[in-house]
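Q: Residue numbers 1 to 189, in full-length UniProt numbering, belong to the letters of the sequence shown in order. The structure under discussion is supplied below as structure tokens; questions concerning it will follow.
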Amino acid sequence: MPRFPGQGHRNPGDVVIGPLDLAARVDEALAVQAIAFGLGAEEVAVRRQIVLRHLTCPGARSLGATTPDGRLVGFVYGMPNDRTHWWSTVVEPYLRGRGHDGWLDNSFVITELHVHPRYQNRGIGRSLITGITDSAAEPRSILSAIDTDSPARGLYHALGYEDLARQVLFPSAPKPYVVMGAPLPLRRR
Ligand SMILES: CC(C)(COP(=O)(O)OP(=O)(O)OC[C@H]1O[C@@H](n2cnc3c(N)ncnc32)[C@H](O)[C@@H]1OP(=O)(O)O)[C@@H](O)C(=O)NCCC(=O)NCCS
Numbered sequence: 001m002p003r004f005p006g007q008g009h010r011n012p013g014d015v016v017i018g019p020l021d022l023a024a025r026v027d028e029a030l031a032v033q034a035i036a037f038g039l040g041a042e043e044v045a046v047r048r049q050i051v052l053r054h055l056t057c058p059g060a061r062s063l064g065a066t067t068p069d070g071r072l073v074g075f076v077y078g079m080p081n082d083r084t085h086w087w088s089t090v091v092e093p094y095l096r097g098r099g100h101d102g103w104l105d106n107s108f109v110i111t112e113l114h115v116h117p118r119y120q121n122r123g124i125g126r127s128l129i130t131g132i133t134d135s136a137a138e139p140r141s142i143l144s145a146i147d148t149d150s151p152a153r154g155l156y157h158a159l160g161y162e163d164l165a166r167q168v169l170f171p172s173a174p175k176p177y178v179v180m181g182a183p184l185p186l187r188r189r
């Protein structure tokens, strides 16, 4: 597995970015997501079923960030978009209303990206998302994020993602989301 590229004072040391068997390590990944994103035990149980179902979709894949002693400290997963998936059916009318629903075709969806807070801001999130999209056959990538200024939004903008629809409401989600899209490969520094 490749060593994580050094980034001066932000060099995360020996954290390694590489392919992740997310089905086998789903509980570790959700523990990272729970602390990074703030999920309660009930939400973790629901997410667990969703992740395992996603991983059966064609082209679904994951990368992880792992310490030398084998701890998972970050992960990303995604898949080629499928308009029949729940996420797509929710965002489609918002995108269509802005003439952007073509982004749902031939697009690689980033479903989750999370880095443990102790390991954030060292370039790991950037490395995970560029790594997974670099191996995509699709010419573009889409994702949704909470519609607020956040490190995630800052990172996505820096990588070339633009806002396609804002104030997108998912059933049962308390906060509105923004759908973002970027051409691949993602922009480098
Ligand atoms: C989003 C997240 C995965 C980024 O991971 P990370 O490893 O910290 O990110 P990186 O260090 O690779 O990227 C840093 C970039 O993010 C952006 N960023 C980081 N902190 C930021 C902040 N406080 N404000 C704005 N942008 C910020 C910058 O663009 C920065 O780019 P730079 O390296 O040129 O300075 C991480 O913050 C996280 O897990 N957040 C909580 C969970 C979450 O929100 N996940 C995304 C769900 S949509």
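Ideal Cβ positions, reconstructed from N, Cα and C, are used throughout, including at glycine.
What did DSSP end up calling PRO167 once you bin it into helix, strand or coil?
A: The amino acid at residue 167 is misidentified as Pro; the sequence shows Gln. Strand.
Q: Just the C-alpha distance for ASP69 and ASP134, rounded to the nearest angstrom, thanks.
A: Rounded to the nearest angstrom, the two C-alpha atoms are 27 Å apart.
Q: Would DSSP call ARG83 helix, strand or coil?
A: Note: ARG83 maps to coil in three-state DSSP.
Q: How about the segment 167 to 185 and the segment 79 to 96: do they share at least three Cβ pairs that are nearer than 8 Å?
A: Cβ pair count under 8 Å is three or more, so yes.
Q: Just reading off the alpha helix (DSSP H) that SER127 is part of, what are its end residues?
A: Segment 124 to 134, the alpha helix (DSSP H) holding SER127.
Q: How many angstroms separate the CA atom of ASP105 from the CA atom of GLY160?
A: Cα to Cα, ASP105 sits roughly 18 Å from GLY160.
Q: Which term fits THR111, buried or exposed, when burial requires 16 or more other beta carbons within 10 angstroms of its beta carbon?
A: Classification for THR111: buried.
Q: What number of angstroms, rounded off, separates the C-alpha of THR89 from the C-alpha of ARG83?
A: One C-alpha to the other measures close to 6 Å.
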